[in-house]
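Colleague:
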Amino acid sequence: MRTTASVLHLDLDAFFAAVEQRDKPSLRGKPVIVGGTGGRGVVSTASYEARRYGVGSAMSTREARARCPHAAFLSGRFHAYRETSAKVMQALRELSPLVEPLSLDEAFVDLAAADLPDLEVATVTAAGERLRQRVHEVTGGLTATVGIASSKFLAKVASELDKPDGMTVVPPGTELDLLRPMRVTVIPGVGPATAERLRRAGIHTIGELELVSEEELVRLLGQAHGQGLWRLARAQDHRPVVAEREAKSISVEGTYDSDLTDRRLMEGLLTRQAKEVGARMRKGGISGRTVTIKVRLHDFTTLSRSSTLSSPTDDGGTIARIARSLLGDLDTTGGVRLLGVGVSGLADWVQEDLFGEVADEEDEEVVLPEPPRRTWPPGADVVHDEMGPGWVWGSGAGVVTVRFETAETPPGPVRSFRTDDPALRRLEPPSEE
């Protein structure tokens with residue numbers, strides 16, 4: 001553990017919902033829920049206004065509607081989230097070259113690599129406040145909560161203490177004073193099963209966990225998990241902030257604005273992705289043994305399936321055949337919003353002609369049918385020839401209702417149109433390719 005509070009963790013507050021509120025003035029200060037909007041949907045993000053009603057991530061949309069029926073339920077605009085995230089990550093890299101993104105809405109920053117006069121508590125506190133202001137500026141008003149401490153573990157814990165739009169700095173030497181009263185569930189890796197095992201042993205807080213010997217924790221939880229918890233209960237975390245990692249896999253994925261239901265279309269998209277993965281591997285002079293597909297269903301449930309070859313390959317046709325066979329094991333009848341293909345178990349050699357008997361398939365052209373379109377998902381961006389830009393308020397029975405406003409306008413008027421009105425069209429997000 002460092003002797004200075006020089007690891008910063010930034011977490012954007014209710015990120016997906018906050019982007020929607022930024023771009024939709026009529027939703028500011030009101031409950032917003034982003035996720036699957038159908039009967040089997042799952043909440044991805046809830047605004048703080050919705051959280052007051054007990055709505056949280058991973059809750060079923062059905063339960064969220066029961067708890068907060070007056071909320072705006074939106075299907076999500078991932079292109080807007082990616083664009084905003086990129087601006088935030090750039091702001092972090094302006095502070096320090098060592099930035100480790102964890103997801104679209106959170107990252108670690110190594111302040112020891114930043115251009116700061118020193119790493120005293122007052123100095124890093126001022127740097128954190130400037131960063132939060134910078135994030136507010138580059139995102140058009142979004143807020144972030146920051147934690148600064150002597151390790152990744154403590155910085156992440158600290159960033160949860162003053163949400164939303166706050167900051168907590170843990171002075172060196174006070175780490176255990178902060179941790180001891182906390183529940184063991186704040187420790188990464190302590191989920192419901194581990195928490196129940198600890199509870200049965202009479203361990204509820206980190207202070208109680210600290211009193212347990214390493215041998216006892218290993219007996220309770222196994223060697224790796226027990227030793228890890230023993231160290232974290234004593235605030236021991238030596239993990240560095242890593243800006244770039246050696247590639248452990250090569251993958252290509254695509255998120256689709258409309259759910260895919262045509263199995264032939266999915267197979268064609270996987271084939272195209274697999275060939276791109278193969279091309280990237282050949283360009284890098286590497287190969288891999290394990291092929292994995294990633295499938296995110298209409299309700300945000302994410303599934304993966306893998307198959308391992310006896311020898312590594314960089315052949316796109318081979319990767320595609322395995323990917324298609326893996327897709328066959330999954331039930332996709334409800335619709336798919338993301339597909340991806342990846343190869344891991346990387347090596348720097350290939351066994352030639354291992355699959356030569358079917359190599360001719362590489363030359364076959366895959367004709368993709370037109371993807372199905374869920375024409376007017378709630379929250380989607382639209383434009384009307386006369387009214388201008390807006391977003392889908394709702395649709396049904398051949399009618400689509402639009403609120404005409406943007407991030408730069410006051411709350412706008414609501415109008416309804418036929419779903420086939422030629423003056424109204426979707427604003428398609430930029431292609432991921």
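The working numbering numbers the first residue of the sequence shown as 1 and each following residue consecutively.
The beta-carbon is built from N, C-alpha and C at its ideal position, and this holds for glycine as well.
For alanine 397 and leucine 220, I'd like the C-alpha separation in whole angstroms.
Modeller: As a first step, residue 397 is located in the sequence shown; it is residue number 397 there, counting from the start. As a first step, residue 220 is located in the sequence shown; it is residue number 220 there, counting from the start. The alpha-carbon atoms of alanine 397 and leucine 220 are separated by roughly 58 Å.
Colleague: Near isoleucine 187, which residues of its chain fall below 6 Å by C-beta distance, leaving aside the five closest residues on each side in sequence?
Modeller: Indexing the sequence shown from 1 puts residue 187 at position 187. Correct list, in chain order: Leu232.
Colleague: For threonine 406 versus proline 389, is the C-beta distance shorter than 8 Å?
Modeller: Position 406 of the sequence shown, counted from the first residue, corresponds to residue 406. Position 389 of the sequence shown, counted from the first residue, corresponds to residue 389. Cβ distance < 8 Å, so threonine 406 and proline 389 count as in contact.
Colleague: Taking the CB atoms as reference points, tell me whether arginine 22 and leucine 142 lie closer together than 8 Å.
Modeller: Numbered from its first residue, the sequence shown carries residue 22 at position 22. Numbered from its first residue, the sequence shown carries residue 142 at position 142. Contact flag set, yes.
Colleague: When we look at the beta-carbon of valine 109 and count the other beta-carbons within 10 Å, is it buried (16 or more) or exposed?
Modeller: Here residue 109 refers to the residue found at position 109 of the sequence shown. So valine 109 counts as buried.
Colleague: Answer yes if the segment 9-23 comes into contact with the segment 98-109, meaning at least three C-beta pairs across the two stretches below 8 Å, and no otherwise.
Modeller: Judged by Cβ distances under 8 Å, the segment 98-109 makes contact with the segment 9-23, as three or more pairs qualify.
Colleague: How about alanine 17 and valine 34: are their beta carbons less than 8 Å apart?
Modeller: Residue 17 sits at position 17 when you count from the first residue of the sequence shown. Residue 34 sits at position 34 when you count from the first residue of the sequence shown. For alanine 17 and valine 34, yes; Cβs fall inside 8 Å.
Colleague: Can you tell me whether DSSP reads phenylalanine 15 as helix, strand or coil?
Modeller: By 1-based counting over the sequence shown, the position of residue 15 is 15. It is helical.
Colleague: Is the beta carbon of glycine 222 less than 8 Å from the beta carbon of lysine 294?
Modeller: Indexing the sequence shown from 1 puts residue 222 at position 222. Indexing the sequence shown from 1 puts residue 294 at position 294. No, these two residues do not count as a Cβ contact at 8 Å.
Colleague: Looking at the structure shown, is methionine 167 part of a helix, part of a strand, or coil, going by DSSP?
Modeller: Taking the sequence shown and counting its residues from 1, one reaches residue 167 at position 167. The answer is strand: DSSP assigns methionine 167 an E or B state.
Colleague: What is the rounded straight-line gap between the Cα of aspartate 115 and the Cα of glycine 128?
Modeller: Locating residue 115 in the sequence shown gives position 115, where the first residue counts as 1. Locating residue 128 in the sequence shown gives position 128, where the first residue counts as 1. Their Cα atoms are separated by approximately 13 Å.
Colleague: Determine the burial state of threonine 332: buried for a count of at least 16 other Cβ atoms within 10 Å of its Cβ, exposed for fewer.
Modeller: To locate residue 332, count along the sequence shown from 1; it is residue 332. That one is buried.
Colleague: Below 8 Å CB to CB, which residues in the same chain sit around proline 117 once its five sequence neighbours on both sides are set aside?
Modeller: Position 117 of the sequence shown, counting from 1, holds the residue named residue 117. Taken in chain order, the residues that qualify are Thr123.
Colleague: In angstroms with no decimal places, state the Cα-to-Cα distance between alanine 274 and threonine 292.
Modeller: The count along the sequence shown starts at 1 and reaches residue 274 at position 274. The count along the sequence shown starts at 1 and reaches residue 292 at position 292. Rounded to whole angstroms, alanine 274 to threonine 292 spans 10 Å at the Cα level.
Colleague: Suppose the cutoff is 6 Å on Cβ atoms and the five residues either side in sequence are ignored; what does the same chain contact list for serine 249 look like?
Modeller: In the sequence shown, counting from the first residue as 1, residue 249 sits at position 249. Only Gly342, Ser344 meet the Cβ criterion.
Colleague: State yes or no: is the C-beta of valine 169 within less than 8 Å of the C-beta of alanine 5?
Modeller: Within the sequence shown, numbered from 1, the residue matching residue 169 stands at position 169. Within the sequence shown, numbered from 1, the residue matching residue 5 stands at position 5. Their beta carbons are under 8 Å apart, which means valine 169 touches alanine 5 by this criterion.
Colleague: Spatial neighbours of leucine 74 within its chain, please: CB distance less than 6 Å, with the 5 preceding and 5 following residues excluded, ordered by chain position.
Modeller: The residue given as residue 74 occupies position 74 in the sequence shown. Within the same chain, leucine 74 has close Cβ partners Glu20, Val34, Pro378, Gly379.
Colleague: Just verifying my parser: in three-state terms, what is the DSSP assignment at tryptophan 230?
Modeller: Translated into positions along the sequence shown, residue 230 becomes position 230. Helix.
Colleague: Skipping 5 residues on each side, what residues in its chain have a beta carbon closer than 7 Å to that of alanine 140?
Modeller: For the purposes of this step, residue 140 is identified with residue 140 of the sequence shown, where counting begins at 1. A quick correction: the sequence has glycine, not alanine, at residue 140. Result list for glycine 140: Arg22, Ala407, in chain order.
Colleague: Which term fits aspartate 315, buried or exposed, when burial requires 16 or more other beta carbons within 10 angstroms of its beta carbon?
Modeller: Locating residue 315 in the sequence shown gives position 315, where the first residue counts as 1. Aspartate 315 should be labelled buried.
Colleague: From leucine 229 to threonine 375, what does the alpha carbon distance come to, in whole angstroms?
Modeller: The sequence position of residue 229 within the sequence shown is 229, counting from 1. The sequence position of residue 375 within the sequence shown is 375, counting from 1. Whole-angstrom Cα-Cα distance: 49 Å.
Colleague: Could you tell me if proline 422 is buried or exposed, where buried requires 16 or more neighbouring beta carbons within 10 angstroms of its beta carbon?
Modeller: For this step, residue 422 is matched to residue 422 along the sequence shown. Label assigned to proline 422: exposed.
Colleague: Under 6 Å Cβ to Cβ from arginine 28, same chain only, skipping five residues before and after it: list those, please.
Modeller: What you label residue 28 is simply residue 28 of the sequence shown in a count that begins at 1. The residues are Gln21.
Colleague: Is valine 169 near the ligand COA - that is, is its Cβ less than 7 Å away from at least one heavy atom of it?
Modeller: Among the components modelled here there is no ligand, and therefore nothing to report on the ligand COA.
Colleague: Just confirm the distance between the C-beta atoms of leucine 327 and glutamate 253, as a whole number of angstroms; I'd bet it's less than 8 Å.
Modeller: The residue given as residue 327 occupies position 327 in the sequence shown. The residue given as residue 253 occupies position 253 in the sequence shown. With a Cβ gap of about 13 Å, leucine 327 and glutamate 253 do not count as contacting.
Colleague: Could you please give the first and the last residue of the uninterrupted alpha helix (DSSP H) stretch that includes glycine 316?
Modeller: To locate residue 316, count along the sequence shown from 1; it is residue 316. Note, glycine 316: alpha helix (DSSP H), 316-327.
Colleague: Take proline 69 as the anchor and find which of Gly54, His79, Pro413, Gly76 has the nearest alpha-carbon.
Modeller: Your numbering for residue 69 matches position 69 in the sequence shown. Nearest C-alpha to proline 69: Gly54.
Colleague: Going straight from the alpha carbon of isoleucine 286 to that of serine 150, what length do you get?
Modeller: Residue numbering aside, residue 286 sits at position 286 when the sequence shown is read from its first letter. Residue numbering aside, residue 150 sits at position 150 when the sequence shown is read from its first letter. Their backbone Cα atoms lie some 38 Å apart in a straight line.
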